[in-house]
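Residue 7 is where the sequence shown starts when you use the numbering used here, and the numbers rise one by one after that.
The next block holds one structure in the form of structure tokens; read it before the comments.
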Amino acid sequence: MRRLMRLAAIVGLGSAIFACEKSAPVGSTTLPTKQVVVGFSQIGAESGWRAAETGSVLAEAKKRGVQLKFADGQGKQANQVQAIEQFVAQNVDAIILAPVVGTGWDAPLAKAKRAGIPVVLIDRAVETDPANYATLIQSDHVEAGRAVARWLIEKTGGKAVVVQLEGTVGSGPAIDRKKGFEEVIATAPGVTILRSQSGDFKKVTGKQVMEGIIRAEKGAFTAVYAHNDDMALGAIQALQEAGLSPGEKVLVMSIDGGREAFEAMVAGTLNCVMECNPLLGPAAFDAIEAIRAGAPVPKSISQTDRLFDRSQAAAELPGRAY
Ligand code: AHR
């Protein structure tokens, strides 16, 4: 069976493996093997992107006949740590973890490792000994920040006063998207950051933060860079209510590339968006299958994303998968 699984993973028949493990053919002499059980510790439901990622993991588990134990961290690392400890106690076959922040994972991850349970990290990196996890599947968040900054410099001829709405404090994407953006605008002396504040990747918080900045700064900025779609959409509402015509008077840029962002580009209120693919279920289960089959799995698996602006939005919208 182990050899069969390894062969199937190598030749790309991974999806069949879980089905095969679930039920042996009638009359077969093969002993039925136990259903694969995977624990999934999700951050919460702070954004539309997060909901799409949860849906992707759930759907893929179902498709492959995997029993999925889902734990909603409700935005709190302590809940996620507790979930990992429970998964270890339940002796699951693998753990998928989308970590809310980047630090503080040494102990729970080492515990999973000692128990021989592979951990697949999705969408956010952690600072720990890489031996503590099997692989990390994510977008290149630094490059996303760079791409948005390059777009802004090109669009404005290198002259802009920016408000940056950062993601959750201490999270990998917030750190990286800020780093990439600031690295590139440092090459354009005419682009400055007026304010940079966290909106926690949430629409409602993005709107509140933007309202506060509008009150304090009036119209002293020309662009808003939001680390995700939800905060950009919240900021757009705040700008509209203040009569600051987002998309025209104030350029708005975001990361994620969900359907709502494309609708906003078609409506003219959002100027550009950098994709960040949340549909990580297939890649996560491919990795788990490979690990279980003893096949080599790269420590880091990067997604390929593209930047879109308003000129491409209407054509792209109907085909958006999230
Ligand atoms: O970790 C990915 C980020 O988390 C997405 O950009 C954001 O929308 C989500 O909440």
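Positions of the beta carbon are idealized from the N, C-alpha and C atoms, including for glycine.
Identify, in the order they occur along the chain, each residue of the same chain with its Cβ nearer than 6 Å to the Cβ of residue i, setting aside the five sequence neighbours on each side.
i: Ser343; result: Here the chain has residues from 7 to 328 only, and residue 343 is not among them.
i: Pro288; result: Glu66
i: Gln144; result: Asp129
i: Ile77; result: The question names Ile, but residue 77 in the sequence shown is Ala. Same-chain partners within the cutoff: Ser47, Ala89.
i: Ala194; result: Ile159, Gly164
i: Gln170; result: Ile199, Ser202, Tyr231
i: Val63; result: Phe46, Gly287
i: Cys26; result: Note that Cys26 scores 34 on pLDDT, short of 50, meaning its location in the model is unreliable and no value can be drawn from it.
For the ligand AHR, any of its heavy atoms closer than 6 Å to the Cβ of residue i?
i: Arg56; result: yes
i: Pro179; result: yes
i: Ser53; result: yes
i: Phe207; result: yes
i: Cys278; result: no
i: Asn85; result: no
i: Arg201; result: no
i: Asp311; result: no
i: Arg130; result: yes
i: Asp262; result: yes
i: Asn234; result: yes
Residues in its own chain within less than 7 Å of residue i by CB, not counting five upstream and five downstream?
i: Gly81; result: Ile49, Gly50, Glu52, Val106
i: Ala118; result: Ile90, Val94, Ile101, Val125
i: Gln214; result: none
i: Gly225; result: Leu250
Residue i and residue j look like a contact to me (Cβ under 8 Å); what is the Cβ gap, rounded to whole Å?
i: Ser202; j: Arg130; result: About 20 Å separates the two Cβ atoms, so there is no contact after all.
i: Arg183; j: Phe268; result: Actually they are not in contact, since the Cβ atoms of Arg183 and Phe268 sit about 19 Å apart, beyond 8 Å.
i: Val132; j: Gly108; result: 5 Å
i: Glu59; j: Leu323; result: Contact doesn't hold; Cβ gap of about 20 Å is too wide.
CB-CB under 8 Å to residue i, same chain, minus the five flanking residues each way: which ones, in chain order?
i: Ile220; result: Ala244, Leu245, Ala248, Leu250
Under the three-state reduction of DSSP, which class applies to residue i: helix, strand or coil?
i: Thr141; result: strand
i: Glu254; result: coil
i: Ala327; result: coil
i: Ala321; result: helix
i: Lys82; result: coil
i: Arg201; result: strand
i: Gly122; result: coil
i: Ala299; result: coil
i: Glu91; result: helix
i: Lys75; result: strand
Are residue i and residue j touching if we call contact CB-CB under 7 Å?
i: Arg312; j: Glu281; result: yes
i: Pro252; j: Thr275; result: yes
i: Gly54; j: Gly264; result: yes
i: Asn277; j: Val258; result: yes
i: Gly240; j: Gly212; result: yes
i: Asp99; j: Val42; result: yes
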